[in-house]
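Here's the structure we're looking at; comments come further down.
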Amino acid sequence: MTQRPYNFSAGPAVMPVEVLQQAAAEMLDWQGSGMGVMEMSHRGKAFMSICEAAESDLRELLAVPTHFRILFMQGGGLAENAIVPLNLARGGTVDFVVTGSWSQKSAKEARKYAAATVIASNESDGHTSLPDPATWKLSRDAQYVHICSNETIHGVEFHELPDLQALGSNAPLVIDFSSHVASRPVDWSRVGLAFGGAQKNLGPAGLTLVVVREDLLGRALSICPSAFDYKTVADNGSMYNTPPTYGIYMAGLTFQWLKRQKEGAFTGIAAMEERNIAKAALLYNFIDGSQFYVNKVARDCRSRMNVPFFLRDESRNDAFLASAQEHGLLQLKGHKSVGGMRASLYNAMPLEGVQALVNHMRTFEQTQA
Ligand SMILES: *Cc1c(COP(=O)(O)O)cnc(C)c1O
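Under my numbering, think of the first position of the sequence shown as 1, with each following residue one higher.
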């Protein structure tokens with residue numbers, strides 16, 4: 001196969017070519033079953049085995065403790081913005097740390113179902129830093145505290161999850177990890193619930209992953225739709241209603257791919273993390289050493305996954321994007337609310353792709369002199 005272009009989309013995003021090839025090979029006949037995965041009953045033996053393998057592979061990869069349940073849902077990250085308060089708010093107060101567009105959206109949606117308080121924000125610096133957890137004004141009776149652990153649009157990432165207990169709070173931490181799930185390990189001792197859409201780092205759009213601590217099940221408001229009640233979903237092994245079967249299958253192939261990854265002495269997610277650190281360092285170091293490009297995010301919270309950057313002379317944006325596309329570097333346009341460029345460096349983006357981007361950025365700068 002000829003070299004595919006490098007796809008820097010923020011999501012839906014690049015997937016490992018081996019995963020796409022395996023899915024293509026199995027499209028018409030999954031392992032001698034005479035059916036493609038899309039054509040199978042979700043309650044049949046074949047699909048049940050696919051789903052169980054996906055769940056156990058994910059549990060192993062992310063070292064999810066046994067007192068957490070893994071749920072495969074639908075609706076994406078935005079639906080979870082409603083589903084989380086419907087399940088956990090119990091008519092009380094919920095705390096939000098606003099660090100960019102996604103956490104802002106989450107707080108706004110939660111207000112439909114709960115008294116949502118913004119307890120810390122980085123709005124005053126244009127979402128380019130992270131407020132120190134020691135300064136958060138945690139509500140004493142909060143039902144949960146929500147953060148977006150990687151802000152996909154603004155490129156701000158928590159490199160360490162806050163330890164709410166150390167801050168004197170017993171509230172569970174809810175993290176929206178849509179855009180960096182499986183890019184690094186998760187410290188589950190600090191988490192009550194994590195959710196993420198699959199379309200950034202796990203597979204195609206349509207599947208939503210929820211990892212929830214068991215003691216948080218069974219708290220849903222009576223108005224919560226049954227299909228979105230975590231306890232109902234958990235009790236039925238994510239099959240209360242038809243789950244997104246093909247998305248689960250594709251994510252399962254991605255999990256198998258992740259398990260095969262090696263980087264030096266590291267395997268799986270640890271290998272991915274090593275590679276993601278190297279990829280991000282390559283791009284940030286180049287940008288920081290340049291007079292032509294700039295990234296505005298504070299160094300200690302720059303996202304490894306989503307790198308927004310700007311040309312100092314913004315009149316050259318269109319020329320940059322056009323020449324990047326010509327050189328096989330796709331979907332680099334920044335989010336409309338931020339402008340400039342954004343390079344998303346998800347797990348399936350190889351180091352060679354980031355090197356090709358840096359080479360192109362250098363060449364483009366030289367031709368503009
Ligand atoms: C993409 C994204 C979402 C939105 O997910 P949908 O699947 O479009 O609902 C939510 N949160 C974060 C952090 C995201 O990156």
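For every residue, glycine included, the Cβ atom is placed at its ideal position computed from N, Cα and C.
| Check | Outcome |
| --- | --- |
| Distance cut-off 8 angstroms: Cys148 Cβ against heavy atoms of ligand 1 | yes |
| Heavy atom of ligand 1 within 8 angstroms of Ser129 beta-carbon | no |
| Ala46 beta carbon less than 9 angstroms from that of Ser31 | The displayed chain sequence assigns Gln, not Ser, to residue 31. A contact, by the Cβ cut-off of 9 angstroms. |
| N-terminal and C-terminal residue of the beta strand (DSSP E) that Leu193 is part of | 193-197 |
| Spatial distance of Pro308 from Val174 (CA atoms) | 25 angstroms |
| Where Pro225 falls, given that 16 or more other Cβ within 10 Å makes a residue buried | exposed |
| The beta strand (DSSP E) enclosing Met341, as first and last residue numbers | 341-344 |
| Any non-hydrogen atom of ligand 1 within 8 angstroms of Leu78 CB | yes |
| Contained beta strand (DSSP E) runs [length at least 3] in the region 24-75, N- to C-terminal order | 68-73 |
| Cα-Cα separation between Tyr6 and Gly353, rounded to whole angstroms | 6 angstroms |
| Near ligand 1: Glu109 beta-carbon under 8 angstroms from a heavy atom | no |
| Cβ-Cβ distance between Val294 and His154 below 9 angstroms | no |
| Contacting residues, own chain, Cβ-Cβ under 6 angstroms from Ala110 (five flanking each side not counted) | Pro85, Val94, Ala116 |
| Ligand 1 heavy atom lying under 8 angstroms from the CB of Lys333 | no |
| Per-residue burial, Leu167 [other beta carbons within 10 Å of its own, 16 or more giving buried] | exposed |
| Local Cβ density within 10 Å of Val64, reported as buried at 16 or more and exposed below that | buried |
| Within-9 angstroms CB hit, Leu283 to chain D | Included in the structure is just one protein chain, with no chain D present. |
| Minimum C-alpha distance to Val14 - residue among Ser344, Leu78, Thr363, Gln366 | Ser344 |
| Cβ pair count under 8 angstroms reaching 3, the region 309-324 against the region 355-364 | yes |
| Nonlocal neighbours in the same chain, by C-beta distance under 8 angstroms from Leu351, ignoring five residues either side | Arg275, Ala278, Lys279, Leu282 |
| Given 8 angstroms, three or more beta-carbon pairs between the region 32-45 and the region 187-200 | no |
| Boundaries (first-last residue) of the beta strand (DSSP E) holding Thr93 | 93-98 |
| Where the alpha helix (DSSP H) through Asp318 begins and ends | 317-326 |
| Environment of Val19 [buried if 16+ CB atoms lie within 10 Å] | buried |
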